[in-house]
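Novice: Residue numbers (the working numbering): 11 to 265.
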């Protein structure tokens, strides 16, 4: 069985290719690595062998996960059933036209390849995690690089740590409004300001990139950002929401 694992700075996402479908099994954080390792070993027991593709922007977390899983697997009677492979640029059939192709985050390249395989080109791929990357794949399928914006949580933490009176906003329970009206309290004002800076930045970058008609949004904060983009009245592009694009692409990546 093929397993795709996206190890980010905040979350670890796992998808499996069942031949009939690609399923996302787990979205966890670094503190749950022992549980994630147990899940992989249990899968190996069910399917005899796992081909695990790992894409990581957090080398330490990826190494911890691989080491913990291999140690647990080696303690079993039928061991050695899990093969890990760290995916690099050379594993992806996508041209990379940046100053230093080998320095581009592998999650950005996997996401760009996955999006360009599913939608007409050119397109913009937005990965909304700890940071928000806004990248362009041109009409020839070439990855052209893009922009990096501080993510929602990162901006929130900066406001809270850099001021005396502003609170640290909890984005999971921030407020129920659509963040399209003026903020009438501190939490709503922070939410509106930060979300507008990210969504407004995405809209400007799409125009800067030549106004592609398709924008694919993935990542931990993708639902909120995709919904806000879809509600923008001046939008002249289609928004496609795929929260687990990277791990799903890894699980279906050809040999």
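A virtual CB, placed ideally from N, CA and C, is assigned to each residue, including glycine. The structure displayed is predicted, hence computed values, not measured ones.
Could you tell me which residues DSSP pairs with residue 141 in its beta bridges?
Specialist: Position 131 of the chain shown, counting from 1, holds the residue named residue 141. Note: residue 141 sits in a beta bridge opposite 160.
Novice: When you compare the CB positions of residue 228 and residue 145, do they come within less than 8 Å of one another, or not?
Specialist: Position 218 of the chain shown holds residue 228. Position 135 of the chain shown holds residue 145. No, these two residues do not count as a Cβ contact at 8 Å.
Novice: Could you pull the start and end residues of the beta strand (DSSP E) that residue 65 belongs to?
Specialist: Position 55 of the chain shown, counted from the start, is the residue given in the question as residue 65. First-last of the beta strand (DSSP E) with residue 65: 60-66.
Novice: What do you get for residue 163, buried or exposed, if any count of 16 or more other CB atoms within 10 angstroms of its CB means buried?
Specialist: Residue mapping note: residue 163 aligns to position 153 of the chain shown, counting from 1. Classification for residue 163: buried.
Novice: What are the residues that DSSP puts in a beta bridge with residue 133?
Specialist: The sequence position of residue 133 within the chain shown is 123, counting from 1. 147, per the DSSP bridge assignment.
Novice: Are the beta-carbon atoms belonging to residue 62 and residue 97 less than 8 Å from one another?
Specialist: Residue mapping note: residue 62 aligns to position 52 of the chain shown, counting from 1. Residue mapping note: residue 97 aligns to position 87 of the chain shown, counting from 1. Taking 8 Å as the Cβ cut-off, residue 62 and residue 97 do not qualify as a contacting pair.
Novice: Name, in chain order, the residues that DSSP records as bridge partners for residue 96.
Specialist: As a first step, residue 96 is located in the chain shown; it is residue number 86 there, counting from the start. Answer is 64.
Novice: Are residue 246 and residue 221 closer than 8 Å when you measure CB to CB?
Specialist: On the chain shown, residue 246 is found 236 positions in, with the first residue counted as 1. On the chain shown, residue 221 is found 211 positions in, with the first residue counted as 1. Taking 8 Å as the Cβ cut-off, residue 246 and residue 221 qualify as a contacting pair.
Novice: Determine whether the beta carbon atoms of residue 73 and residue 116 lie at a separation below 8 Å.
Specialist: Taking the first residue of the chain shown as position 1, residue 73 is located at position 63. Taking the first residue of the chain shown as position 1, residue 116 is located at position 106. Against a cut-off of 8 Å, the Cβ pair of residue 116 and residue 73 comes out as no contact.
Novice: Just the Cα atoms here: how many angstroms apart are residue 218 and residue 89?
Specialist: As a working note, residue 218 is residue 208 in the chain shown. As a working note, residue 89 is residue 79 in the chain shown. Cα to Cα, residue 218 sits roughly 52 Å from residue 89.
Novice: What does the Cβ neighbour count give for residue 100, buried or exposed, with the cut at 16 atoms within 10 Å?
Specialist: What you label residue 100 is simply residue 90 of the chain shown in a count that begins at 1. Burial call: exposed.
Novice: Would you kindly work out how many angstroms separate the C-alpha atoms of residue 25 and residue 258, rounded to a whole number?
Specialist: Your numbering for residue 25 matches position 15 in the chain shown. Your numbering for residue 258 matches position 248 in the chain shown. If you take the alpha carbons of residue 25 and residue 258, they lie about 6 Å apart.
Novice: In the DSSP assignment, the alpha helix (DSSP H) including residue 259 goes from what residue to what residue?
Specialist: On the chain shown, position 249 is the one that residue 259 refers to. Where residue 259 is concerned, the enclosing alpha helix (DSSP H) stretches over 255-262.
Novice: Residues bridged to residue 228 by DSSP?
Specialist: Taking the chain shown and counting its residues from 1, the one referred to as residue 228 is at position 218. In the DSSP output, where bridge partners are listed per residue, residue 228 has 137.
Novice: What are the boundary residues of the beta strand (DSSP E) that includes residue 38?
Specialist: Reading the chain shown from its first residue, position 28 is the one you call residue 38. Counting along the chain, the beta strand (DSSP E) containing residue 38 begins and ends at 32-39.
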